[in-house]
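Colleague:
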Amino acid sequence: TPGHIALLEAQHKFLISGDTLLPTIDTNAAFHVQHIAYPLQKYLDSLTVLQTLDFETVLPGHEDVFHNPRQRIEELFKNHEHKAGVIARLFTDSQPHNAYQVSQMLARSPRSNTSRWGNMTGWAKRFAVLQTIAHLESLKFNRLLSSAEVNGVQYFKSAGG
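Numbering (my numbering), first residue to last: 15 to 175.
1) Could you check if alanine 43 is buried or exposed, using at least 16 other CB atoms within 10 Å of its CB as the buried criterion?
2) Would you mind working out which of Gly32, Phe69 and Leu144 sits nearest glutamine 25, comparing C-alpha positions?
3) If you reduce the DSSP assignment to three classes, tell me which class glycine 32 lands in.
4) So, under 8 Å CB-CB, aspartate 40 and leucine 90 are touching, yes? Tell me the CB distance rounded to an integer number of Å.
5) Inspect the beta-carbon positions of glutamine 168 and serine 160 and report whether they are closer than 8 Å.
6) Provide the residue(s) that pair with proline 74 in DSSP beta bridges, ordered along the chain.
7) Using a Cβ-Cβ cutoff of less than 6 Å, which residues in the same chain neighbour proline 110 once the five nearest sequence positions on both sides are dropped?
8) Based on DSSP bridge pairs, tell me the residues matched to valine 167.
9) DSSP three-state call for leucine 159: helix, strand or coil?
10) Once the 5 residues before and after glycine 75 are set aside, which same chain residues still bring their CB inside 6 Å of it?
11) At which residues does the beta strand (DSSP E) containing leucine 54 begin and terminate?
12) Is it right to say alanine 51 is buried, meaning 16 or more other beta carbons lie within 10 angstroms of its own, or is it exposed?
13) Got a sec? Which residues, its chain only, sit under 6 Å from alanine 148 by beta carbon, not counting five neighbours each side?
14) For the alpha helix (DSSP H) that leucine 90 lies in, which residues bound it at each end?
15) Helix or strand or just coil, what does DSSP make of arginine 140?
16) Can you tell me the Cα-Cα spacing of serine 60 and serine 126, whole angstroms?
In structure tokens:
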């Protein structure tokens, strides 16, 4: 979120993290009307900065106070790395896909090959698409995907294909 901050209290080693670092849920670093370029990448950059700071306790904007922030930061990096890998593999067919299509593909269960998309609320679908856009932009930022606009719709494809 533009203007969002976290505050470090160095003497007592605690961080008031707002939405930047939450104990069990991921921050919604997604595309939205207050759009900033590459929101997910900027969020990950913020986590990288937090890794360099000396604090032991986190007072988050949601959920409960927690400890061991480095473990949580590493978990968040692994989660985003895994999701990036899943999305990148969706582009092995060399076909371009838009964010809506990718969101629908991500809603498909790999075990049963059935889609959860039809059971999702409109609000959940909206968040899924906005988060997908952020992931696609991050993959583009890291030159793993490229994009082109066709009839007003942004399509992504493998940067190698």
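No residue lacks a Cβ here, since even glycine has one placed at the ideal position from N, Cα and C. Since this is a predicted model, take the numbers as computed values, not measurements.
Modeller: To lay it out plainly:
1) buried
2) Phe69
3) strand
4) 7 Å
5) Contact: no.
6) Gly32
7) Tyr169 and Lys171
8) Val164
9) strand
10) Gly32 and Asp33
11) Where leucine 54 is concerned, there is no enclosing beta strand (DSSP E), although the alpha helix (DSSP H) it sits in stretches over 53 to 65.
12) exposed
13) Ala43, Ala44, Phe45, Pro53 and Leu54
14) 83 to 103
15) helix
16) The alpha-carbon atoms of serine 60 and serine 126 are separated by roughly 37 Å.
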